[in-house]
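Trainee:
Protein chains: 2
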Amino acid sequence: MKTTVQYGKEADLALSLWVKLARASSLFTRLSARDIERYGLTQPQFSVVEALGHLGPMTTGDLGKKMLVTGGCMTVILDNLERDGVVERVRSVEDRRVVTVGLTTKGTELFERIFRQHATRITELASVLTVEEQQQLSDLLKKLGLALKEVQ
Amino acid sequence: MKTTVQYGKEADLALSLWVKLARASSLFTRLSARDIERYGLTQPQFSVVEALGHLGPMTTGDLGKKMLVTGGCMTVILDNLERDGVVERVRSVEDRRVVTVGLTTKGTELFERIFRQHATRITELASVLTVEEQQQLSDLLKKLGLALKEVQ
DNA sequence: GCGAGATATTTCAAGTTTAAACTATTTAAA
DNA sequence: TTTAAATAGTTTAAACTTGAAATATCTCGC
Chain V
1 MKTTVQYGKE
11 ADLALSLWVK
21 LARASSLFTR
31 LSARDIERYG
41 LTQPQFSVVE
51 ALGHLGPMTT
61 GDLGKKMLVT
71 GGCMTVILDN
81 LERDGVVERV
91 RSVEDRRVVT
101 VGLTTKGTEL
111 FERIFRQHAT
121 RITELASVLT
131 VEEQQQLSDL
141 LKKLGLALKE
151 VQ
Chain Z
1 MKTTVQYGKE
11 ADLALSLWVK
21 LARASSLFTR
31 LSARDIERYG
41 LTQPQFSVVE
51 ALGHLGPMTT
61 GDLGKKMLVT
71 GGCMTVILDN
81 LERDGVVERV
91 RSVEDRRVVT
101 VGLTTKGTEL
111 FERIFRQHAT
121 RITELASVLT
131 VEEQQQLSDL
141 LKKLGLALKE
151 VQ
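If you read the sequences in order, they're chains V and Z. Under this note's numbering, read the first sequence as residues 1 to 152, first letter to last. Under this note's numbering, read the second sequence as residues 1 to 152, first letter to last.
1) Rounding to the nearest angstrom, what Cα-Cα distance links His118(V) and Leu140(V) in this structure?
2) Under DSSP, the alpha helix (DSSP H) around Glu88(Z) begins and ends at which residues?
3) Since Val101(Z) is in the alpha helix (DSSP H), which residue starts that stretch and which ends it?
4) Kindly indicate which residue of His54(Z), Val19(Z), Ser32(Z) has the alpha-carbon position closest to the one of Pro44(Z).
5) Here's the rule: buried if 16 or more other CB atoms are within 10 angstroms of the residue's CB, otherwise exposed. What is Thr123(V)?
6) Whose Cβ in chain Z lies nearer than 8 Å to the Cβ of Gln134(V)?
7) Could you give the C-beta distance for Leu103(V) and Val49(V), rounded to a whole number, given that I count them as a contact under 8 Å?
8) Give a yes or no on whether the minimum CB-CB distance between Lys155(V) and chain Z is below 9 Å.
9) Please list, in chain order, the chain Z residues whose beta carbon lies closer than 9 Å to that of Ala33(V).
10) Run down chain Z in chain order and give the residues with a C-beta less than 9 Å from the C-beta of Arg89(V).
11) Using a Cβ-Cβ cutoff of less than 6 Å, which residues in the same chain neighbour Lys66(V) once the five nearest sequence positions on both sides are dropped?
12) Compare the C-beta of Ile122(V) with all C-beta atoms of chain Z and state if any pair is closer than 9 Å.
13) Answer yes or no: do Gly71(V) and Gly64(V) have a C-beta to C-beta separation smaller than 9 Å?
14) What is the rounded straight-line gap between the Cα of Arg96(V) and the Cα of Leu78(V)?
15) I need the DSSP call for Thr59(V), collapsed to helix, strand or coil.
16) Need the endpoints of the alpha helix (DSSP H) that Arg83(Z) sits in, please.
17) What residues of chain V sit near Tyr7(Z), judged by a beta carbon separation below 9 Å?
18) Please classify Lys20(V): is it buried, with 16 or more other beta-carbons within 10 angstroms of its beta-carbon, or exposed?
19) Taking the straight line between their C-alpha atoms, what separation do you get for Asp12(V) and Ile114(V)?
20) Would you check if the distance between the CB atom of Val86(V) and the CB atom of Leu55(V) is smaller than 9 Å?
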C-alpha cells in the first residue's frame, strides 16, 4: 500500500519499508507455492516435509515453533498430511502428552524427490538479485527478524 | 526453516534468504496485527481502510491489485467491512460490472483516529534497525519485489 | 444489431490461520 | 499424598486465502 501522505520522515521510511517487506514476501510465497503445488503439497505442508526431512522426527510443538504457526494450525496441517499418508503421529511413551511426528516411507520418498527441484527453483527466483545483494539482504533480514522476536 | 544440508553455495544462500524473508515478514505481520486488533480490525481489513483513507474510493479490483489478494478474497473482506458499517459498495453507473468501494462516515472517523497511532507503532518496530539500514533494506526489497512481479 | 470473447465481481470448496476453550497428562508444592 | 499449576495437543469459531466456476456486463468485429 503506497502512501503519499506525510507522517514525518522516519515514519514514512518505516511505513514504506513494511510495505516492501510484505510485498516481496507475498510475491515470493506465491511463486514458491505455485512450484510446490506441482507435487501435490501446499506451502505449509511442504514446510513440514522439509523440516522433518532435514532434521528428522520432532514433536508437534517444535514443528510449530520452527514454522512460526500456532498449535491449532499445526494440528490441521498434520491432520491433512496424515490423511494423505505423508506423515505419521506417534504418542510418546515417556510423556503421554507429547506427539512425535515423522515422515512415512511415502513422505521420505516425496521429500527426496522434490526438495532438490524446489531448491533449484528458489535459487532461480533469488537470482534476480546478485549474490552480493542476496547476502546483504539476508544479513539485514536476519538482524530484523532477531530483533522483532524480542519485541514484547 | 534452517537447513544445514548443502545444495551448493548459491542454493544455500538463496534458501537462507527466503527463510529470513518469510520469518521477518511473519513476525512483523503478527506484531502489526496485534496493534491493529485494538481497533477491532484485522490486518487485511486495516489495509482496505488505509488504502481508501489515503487514496479515496476505488474499485474492488483495484483494491485487490493493491493488496495483492485475489478477487474472491477481496469479496469476503469487503463483506465483513460492509457488515460492520466501515465501507460501502456502490455499483457503477457507467459500467455496471464495476463496484466502487468507499469509506462510510464511520469508516472515515476510524481511519483518522487510528492511522497515526498505528504509524507510530510501525515506526517504533522499524527502529530496531538504524535509519541507514532501513533505507538499505527498503531499496533491496524494492528491487526484489519489482523483479518478482515480472517472473512468469 | 449481434454474437464471441474479454472483464468485474461473486460464489464455492478446500485449506490455512489465530485465539481461546478444552482435555489429558505431568510436575511440584503444601 | 493430594491438589494446584504448568504443559502438550486438539477443538472450535471466525476470518483469510486461493483457484476455478458462475454470473453479469461490456466491447469489438462483422
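The beta-carbon is built from N, C-alpha and C at its ideal position, and this holds for glycine as well. On a predicted model such as this, the values are computed, not experimentally measured, just so you know.
Mentor: Based on what the coordinates show:
1) Along the first sequence, read from residue 1 onward, the residue named residue 118(V) stands at position 118. Along the first sequence, read from residue 1 onward, the residue named residue 140(V) stands at position 140. If I take the Cα positions, the gap works out to 24 Å.
2) Counting from one through the second sequence, the residue named residue 88(Z) turns up at place 88. First-last for Glu88(Z): 87 to 91, but that is the beta strand (DSSP E), not the alpha helix (DSSP H).
3) Within the second sequence, residue 101(Z) is the residue found at index 101, counting from 1. Premise fails: Val101(Z) lies in the beta strand (DSSP E), 99 to 103, not in any alpha helix (DSSP H).
4) As a first step, residue 44(Z) must be located in the second sequence, where it is residue number 44. Nearest option by C-alpha distance: Ser32(Z).
5) Locating residue 123(V) in the first sequence gives position 123, where the first residue counts as 1. Buried.
6) Position 134 of the first sequence, counted from the start, is the residue given in the question as residue 134(V). Residues of chain Z passing the Cβ test: Leu13, Ala14, Leu17.
7) One-based indexing of the first sequence puts residue 103(V) at position 103. One-based indexing of the first sequence puts residue 49(V) at position 49. That belief holds up - the Cβ atoms of Leu103(V) and Val49(V) are roughly 7 Å apart, short of 8 Å.
8) What the structure shows of chain V is the stretch from 1 to 152, and residue 155(V) is not part of that stretch, so it cannot be assessed.
9) The sequence position of residue 33(V) within the first sequence is 33, counting from 1. Under the 9 Å cutoff, chain Z gives no residues; its nearest Cβ is about 12 Å from Ala33(V).
10) Walking along the first sequence from the start, residue 89(V) turns up at place 89. What Arg89(V) touches in chain Z: nothing, since even the nearest Cβ is about 20 Å away.
11) Walking along the first sequence from the start, residue 66(V) turns up at place 66. The answer, listed in chain order, is Ala51.
12) Indexing the first sequence from 1 puts residue 122(V) at position 122. With 9 Å as the cut-off, Ile122(V) counts as an interface residue toward chain Z.
13) Mapped onto the first sequence, residue 71(V) falls at position 71. Mapped onto the first sequence, residue 64(V) falls at position 64. Yes, the Cβ-Cβ distance between Gly71(V) and Gly64(V) is below 9 Å.
14) The count along the first sequence starts at 1 and reaches residue 96(V) at position 96. The count along the first sequence starts at 1 and reaches residue 78(V) at position 78. CA-CA distance, Arg96(V) to Leu78(V), rounds to 18 Å.
15) For the purposes of this step, residue 59(V) is identified with residue 59 of the first sequence, where counting begins at 1. The answer is strand: DSSP assigns Thr59(V) an E or B state.
16) In the second sequence, residue 83(Z) corresponds to position 83, counting from 1. Where Arg83(Z) is concerned, the enclosing alpha helix (DSSP H) stretches over 71 to 83.
17) The residue given as residue 7(Z) occupies position 7 in the second sequence. Residues of chain V passing the Cβ test: Phe115, Arg116, Ala119, Thr120, Thr123.
18) Looking up residue 20(V) in the first sequence gives position 20. The residue in question, Lys20(V), is buried, as its Cβ has 16 or more Cβ neighbours within 10 Å.
19) Residue mapping note: residue 12(V) aligns to position 12 of the first sequence, counting from 1. Residue mapping note: residue 114(V) aligns to position 114 of the first sequence, counting from 1. Going by the C-alpha atoms only, they are around 42 Å apart.
20) Residue 86(V) sits at position 86 when you count from the first residue of the first sequence. Residue 55(V) sits at position 55 when you count from the first residue of the first sequence. Not closer than 9 Å, so no.
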